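Here's the structure we're looking at; comments come further down.
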Amino acid sequence: MSTPNGFPQHSRACVSESMEGGAVQDLQVKKAGKIAKKEAGGNVALPAVSVGTPLSGTLKLLPEELKANMKIKSITPRPPRKPRLERAASLDEKSWRRWRRFRTSQESLTDPNDTSSSNGSLQEASPSPPNRSRASPCHPCCQQNSSHSSPDASEASPVGKSRGGTSDLGKRASEISSAFGGLLRGKPFVGGKPRLSQIMPARPLPPMELNVASHTLRTANRIDSDCLDYRHYSQHKFGRVSSSLSDTRLHGNGMVYDNCSTDSMKSTFSLLTPIRAKDVRSRSYLEGSLMASGALLGAEELSRYFPDRNIGIFVATWNMQGQKELPVNLDDFLLPTDPDYAQDMYVIGVQEGCPDRREWEIRLQETLGPHYVLLYSAAHGVLYMSVFIRRDLIWFCSEVEYATVTTRIVSQIKTKGALGICFTFFGTSFLFITSHFTSGDNKVNERKLDYNKTIQALTLPKNVPDTNPYRSSSSDVTTRFDEVFWFGDFNFRLNKDRETVDSILNQNPDMDMSKLLVYDQLTSEMSRGSIFKGFQEADIHFRPSYKFDIGKDSYDTTSKQRTPSYTDRVVFRSRYKDDIQAIKYSSCPVIKTSDHRPVFALFRVKVRPGRDNIPLAAGQFDRELYLLGIKRRITRELQKRREQKDQKASSICSIS
C-alpha cells in the first residue's frame with residue numbers, strides 16, 4: 001500500500017533511539033531516504049533501517065517485526081539542508097575512489113564542534129575512534145545468520161550506556177552510509193554485492209611522545225649500505241641464528257617506535273655471530289681441533305668466508321730486464337678486465353728486477369689499493385717475489401717462510417736461481433716458487449739441472465708442520481705441500497727457425513697456437529716426464545712472450561734475429577685431484593718496457609679447514625708499505641682530477 005507521499009508504507013519507518021535527552025532521530029537515514037526518493041523519482045523502495053542492527057539483517061526485517069522490537073514513528077520527508085545537498089550532489093558526480101575517501105574521513109565521526117543530529121548520535125555512543133574493519137558484503141545467507149545470531153541487537157540501550165562496542169557502532173554506521181550510497185547510484189541490493197568502504201584510515205599514527213630516535217643516533221650508528229642485506233644473506237647461506245637484539249624484542253618492550261632507531265641499535269650486532277654465555281663456560285678437549293666449532297681455522301670459520309671453499313689466486317711472472325723505468329699503469333697487468341672480480345691472493349714473481357725493489361712494491365700496493373696488504377716479500381739477488389692478500393684474511397695465515405737456491409757455479413752471482421715462499425692458509429699448505437733458468441736455445445739439459453737442484457736444495461717448510469707428511473718426500477720440495485705454483489723465466493725455446501715461426505704467427509691471428517707449441521721444448525720435456533713431474537699447465541692462447549723490441553709490438557729486429565719463444569711460464573701441482581682449476585692464462589701486451597711480456601694466470605683453489613696448532617702470522621703485514629701505497633694512490637688521483645679540471649678550463653672552442 002502506498003502513502004499520500006508516494007512511498008510504500010514500510011519505507012516510511014525510521015529508527016528511534018533511547019539516549020540521555022530522550023529519543024533522537026537519525027537524520028542521516030532520513031536525509032538519505034529523501035535523496036533516494038528524489039533521485040529515483042519515487043519508484044525506489046527503501047528498506048527499514050535500524051542503527052542497532054547490522055545492515056544485512058535490517059534489509060530483510062518486515063514492518064511487523066520492527067514494531068515488535070522498537071518504537072516506530074512516522075516522519076514526513078522535508079527538503080535537506082544546503083550543505084547536505086552539496087555533499088549528496090558531489091557523491092553522484094565524482095568517482096568511486098573520491099567517494100570512498102570522503103566517507104572514510106575521521107572528522108565526520110569525531111568532530112566535537114559538529115552540531116548535526118547524525119554526528120551527535122554517533123558521538124554519544126562512540127567516545128573513541130572505531131577499529132579498522134571492513135564490513136562484510138550483503139548476502140542473503142549472511143543476512144539470515146546475522147538476524148538470528150543477534151536477537152538483542154535491535155533493542156534500545158539504557159540511558160548512559162552505548163549499545164554495542166565502539167567498533168560495532170562504527171561498522172554499522174559504515175554499512176548504513178555505504179548502503180544508501182549504492183542506492184544513490186542506482187545499484188539495488190537484490191542479487192548484488194555492494195562494496196562497503198572503511199571509516200578509519202589504513203593505519204593509526206604512532207604516539208609521537210614515545211619516539212626516542214635522535215638525529216645523532218641515526219647518523220652515527222647507521223648500518224653501512226653494503227651490509228643492509230647481510231642478515232638475510234647469512235641466514236639463507238649459512239643458516240645462522242638471529243641477532244640478540246631483534247625488532248620483536250625492541251618493539252615489544254616499548255623501547256623504540258622507529259625503524260631507524262632499531263637498525264641503529266642492532267648495527268653493532270649485525271656482522272658478528274652472537275656467542276652464548278653457556279658456550280663460553282663450557283670446557284671441551286676438542287676446542288681448537290678440526291671438528292670444534294670454535295676453531296679459528298676450522299670448518300665453521302672457513303665456510304663463513306668461503307662458502308664454496310674456493311679462493312681466487314693471481315700468479316704472475318715478468319722478466320723486467322733490469323730496467324729502471326717502471327710502467328705508468330699496472331692495472332692491465334694486475335687487474336685484467338676479463339674476470340668481474342678481483343682475486344683473494346696476488347703472487348708476483350720478477351726476474352732481473354728493477355734496481356729499486358721498494359719502489360716496485362709500492363707500485364704494486366698502489367695498484368691493488370687498500371683492500372690488500374703485503375703479507376710477505378723476499379728477494380734473491382734480482383729475483384723478487386711479493387705476496388699480497390686481502391686484509392681480512394691475514395688472520396688465517398700461518399707464519400711465512402722462504403728459502404733460496406743459486407744455480408750458478410759461482411754462488412755469489414745471483415742472477416740465476418730460485419726463490420720459494422710457503423705458508424698455510426686455513427688447513428691448506430701453499431708453495432710459490434719463482435725461477436730463472438739457464439738461457440740459450442740449445443741448453444735444455446742445463447735447464448733440467450736447474451730444476452733438479454731447486455727441488456732438492458729448497459729447504460721448506462721449516463717450522464710450519466706438513467699437512468700430510470705421509471705423502472711427502474725429502475728429495476722433492478714440491479711433494480711437501482698441498483698446492484704448488486712454479487712460475488718464472490724458464491728460458492725454454494721453440495725448436496724452429498725464425499722464418500717458420502713468423503709464418504705460423506701470421507697465419508693464426510685468432511690466437512690458435514697449437515701448431516707453434518709442437519716445437520716448444522718445455523711441452524716436449526714435460527710429456528716425457530723429465531722435468532716438472534706431476535705439474536700441469538693451462539692451455540696457451542697467447543703469442544710468445546719473448547723477444548720483443550722495447551717499446552714496440554714487433555719481435556727482435558736486431559742482427560741476432562732471436563726466435564720468438566714461450567720462455568715465461570706458470571705451472572701448478574696439487575696433492576689432490578681437481579683442487580686447482582685454471583681460469584685464465586694470458587700475457588699483458590700493453591706493458592712494453594722490457595723485451596719480455598708479463599704472463600699471468602688466474603686459479604680457483606680448494607681450501608680445507610685446519611687445526612689451531614700451527615704458528616700463526618698474527619695478522620702481521622707491511623704496514624709502512626701499506627701507508628705509502630695508499631698515500632701515493634690518493635696523490636695520483638688528486639693530480640689526475642686537477643689535470644682534468646685545468647684541461648676543461650683551458651679548452652678553446654674554434655669556429656671553422
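Residue numbers (the UniProt record's numbering): 1 to 656. By construction, the Cβ of each residue, glycine as well, lies at the ideal position given by its N, Cα and C atoms. Computed from a predicted model, the values in this text were never measured in an experiment.
- Residue environment analysis places L625 among the buried positions, since at least 16 neighbouring C-beta atoms fall within 10 angstroms of its C-beta.
- Under the DSSP assignment, R632 falls in the alpha helix (DSSP H) whose first and last residues are 623-649.
- Per the C-alpha coordinates, the member of N310, R573, I394, M513 positioned closest to F485 is R573.
- Sorting G440, D510, G534 by C-alpha distance to the C-alpha of D476 places G534 at the top.
- For the 9 Å CB-CB criterion, F314 and A601 form a contact.
- Setting aside the 5 residues that flank it on each side, S473 is surrounded in the same chain by T479, each with a C-beta closer than 6 Å to its C-beta; the list follows chain order.
- Of the residues I531, V607, R543, K577, the one whose Cα lies closest to the Cα of P307 is V607.
- In the three-state reduction of the DSSP assignment, A316 falls in the strand class, which pools E and B.
- Note that the C-beta distance between L516 and N508 is below 9 Å.
- Assigned with DSSP and collapsed to three states, V501 falls in helix.
- Y402 counts as buried, since at least 16 other C-beta atoms from the protein chains shown sit within 10 angstroms of its C-beta.
- By the C-beta density criterion, I433 is buried, having at least 16 other C-beta atoms within 10 angstroms.
- In this structure W360 is in contact with Y384, their Cβ atoms being roughly 7 Å apart against a cut-off of 8 Å.
- With respect to the C-alpha of R363, the residue from I634, Q647, K648 having the closest C-alpha is I634.
- Using a Cβ-Cβ distance cut-off of 8 Å, the segment 347-361 and the segment 635-648 are not in contact, since fewer than three pairs of beta carbons, one from each stretch, lie closer than that value.
- Here I362 carries a helix assignment [DSSP, helix/strand/coil].
- When DSSP states are grouped into helix, strand and coil, L297 belongs to the coil group.
- In terms of Cβ geometry, F437 and F490 form a close pair [threshold 9 Å].
- Cβ atoms of T407 and D450 come within 8 Å of each other, at about 4 Å.
- Contiguous beta strand (DSSP E) elements confined to the segment 394-422 occur at 401-406, taking only those with 3 or more residues.
- Inclusion of I311 and D344 in the CB contact set at 9 Å is warranted, their separation being smaller than that value.
- Counting C-beta pairs with one atom in each stretch, the segment 551-558 and the segment 576-592 have three or more that are closer than 8 Å, which means they touch.
- C-alpha of T337 to C-alpha of S530: approximately 37 Å in a straight line.
- Take the alpha-carbon of R391 and the one of V373: they are about 6 Å apart.
- Under the three-state reduction of DSSP output, E325 falls in the coil class, being neither helix nor strand.
- DSSP places F425 within a strand segment (E or B) once states are collapsed to three.
- In this structure, the alpha-carbon of K496 lies about 44 Å from that of P469.
- The three-state secondary structure of L616, taken from DSSP, is strand.
- Collapsing the DSSP output to three states places F333 in a helix.
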